[in-house]
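Since the structure comes first, as structure tokens, the remarks are kept for the end.
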């Protein structure tokens with residue numbers, strides 16, 4: 346008698362939220378491509394209805410060529426719509442019903458994070474992890490009290506990614522100072538920090554032993570935006 350057992354492999358369902366220039370979109374893209382490289386089917390969902398300029402539209406075709414399934418408007422779809430061009434793609438509402446891994450790039454700030462409520466099943470999902478991307482150099486998250494207040498105002502947050510940077514002016518000292526402050530707040534709030542993100546161009550300057558966090562080096566796919 347043969348007994349067959351099926352090994353259940355839980356899928357990845359993550360929503361990236363963050364303030365303007367936190368780097369949430371870059372991290373969502375990098376995470377989606379990381380999972381794709383591991384052989385997963387991955388859908389990347391553009392939920393940014395707050396700031397049309399920094400959506401995934403300009404690079405939608407490029408990401409699709411890399412094998413990602415993109416739910417979101419292209420630049421051509423939104424041409425001439427003005428502010429209404431930031432409307433939510435109807436397919437995004439049912440994104441969690443799709444097969445495979447799901448990565449959600451949520452709108453900027455506390456108001457933008459509310460767009461997650463428009464996704465069917467998001468509030469009840471036991472698969473979903475909401476990840477707050479924090480950049481210590483941004484005014485809204487530039488001190489311990491501000492970080493704590495910001496995270497609390499977001500509502501549900503399951504994990505944090507420390508992404509302190511100042512664009513092309515980023516230094517190792519800036520990263521160290523900011524991420525140490527973020528880590529301190531995370532401990533106070535009892536929220537795990539998944540990793541710290543660093544621009545891949547700084548790889549030669551970052552020594553893993555100097556940080557108390559796992560490190561992921563990020564490729565910038567949106568150079569026209571403040572990543």
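Numbering (my numbering), first residue to last: 346 to 572. For each residue, glycine too, the CB sits at the ideal point set by N, CA and C. Since we're looking at a predicted model, the values are computed, not measured.
Just how far apart, CA to CA, sit residue i and residue j?
| i | j | result |
| --- | --- | --- |
| residue 544 | residue 448 | 20 Å |
| residue 462 | residue 468 | 7 Å |
| residue 415 | residue 401 | 9 Å |
| residue 490 | residue 470 | 30 Å |
| residue 357 | residue 472 | 7 Å |
| residue 487 | residue 445 | 36 Å |
| residue 417 | residue 436 | 8 Å |
| residue 522 | residue 551 | 14 Å |
| residue 398 | residue 537 | For residue 398, the predicted model reports a pLDDT of 49, less than 50, meaning its position is unreliable; a value from the coordinates is still stated below. Approximately 31 Å between the Cα atoms of the pair. |
| residue 427 | residue 438 | Per-residue confidence for residue 427 stands at a pLDDT of 41, beneath the threshold of 50, marking its modelled position as unreliable; the derived number appears in the next sentence. Using only the alpha carbons, I get a separation of about 22 Å. |
| residue 528 | residue 566 | 26 Å |
| residue 474 | residue 434 | 22 Å |
| residue 425 | residue 410 | Its pLDDT being 45, under 50, residue 425 is placed unreliably in this model, and the value from its coordinates should be taken loosely. Cα to Cα, the separation comes out at about 25 Å. |
| residue 596 | residue 477 | Any answer about residue 596 is impossible in this case: the structure gives the chain only from 346 up to 572. |
| residue 532 | residue 514 | 28 Å |
| residue 403 | residue 517 | 30 Å |
| residue 347 | residue 359 | Residue confidence is low: residue 347 scores 40 on pLDDT, short of 50, so the model does not pin down where it sits. Its coordinate-derived value is still stated next. Roughly 38 Å separates the two Cα atoms. |
| residue 372 | residue 442 | 23 Å |
| residue 406 | residue 379 | 18 Å |
| residue 455 | residue 465 | 19 Å |
| residue 390 | residue 556 | 32 Å |
| residue 362 | residue 460 | 10 Å |
| residue 485 | residue 549 | 30 Å |
| residue 530 | residue 511 | 20 Å |
| residue 539 | residue 355 | 18 Å |
| residue 524 | residue 507 | 6 Å |
Considering only C-alpha positions, which residue in the set the options is nearest to residue i?
| i | options | result |
| --- | --- | --- |
| residue 375 | 364, 365 and 388 | 388 |
| residue 519 | 530, 483 and 493 | 483 |
| residue 451 | 517, 499 and 411 | 499 |
Please confirm whether residue i and residue j have their CB atoms less than 9 Å apart.
| i | j | result |
| --- | --- | --- |
| residue 553 | residue 563 | no |
| residue 534 | residue 496 | yes |
| residue 480 | residue 367 | yes |
| residue 413 | residue 457 | no |
| residue 541 | residue 509 | yes |
| residue 526 | residue 453 | no |
| residue 440 | residue 408 | no |
*Would you check if there are 3 or more beta carbon pairs closer than 8 Å linking the region 497-504 to the region 376-385?*
Taking a cut-off of 8 Å on C-beta distances, the region 497-504 does not touch the region 376-385, as fewer than three cross pairs fall below it.
_Every unbroken beta strand (DSSP E) inside the region 456-492 [3 residues or more]_ = 473-479
*For the region 367-398, which segments carrying the alpha helix (DSSP H) assignment without a break, of at least 4 residues, lie completely within its bounds, in sequence order?*
If we require 4 residues or more, the alpha helix (DSSP H) runs fully inside the region 367-398 come out as 369-382.
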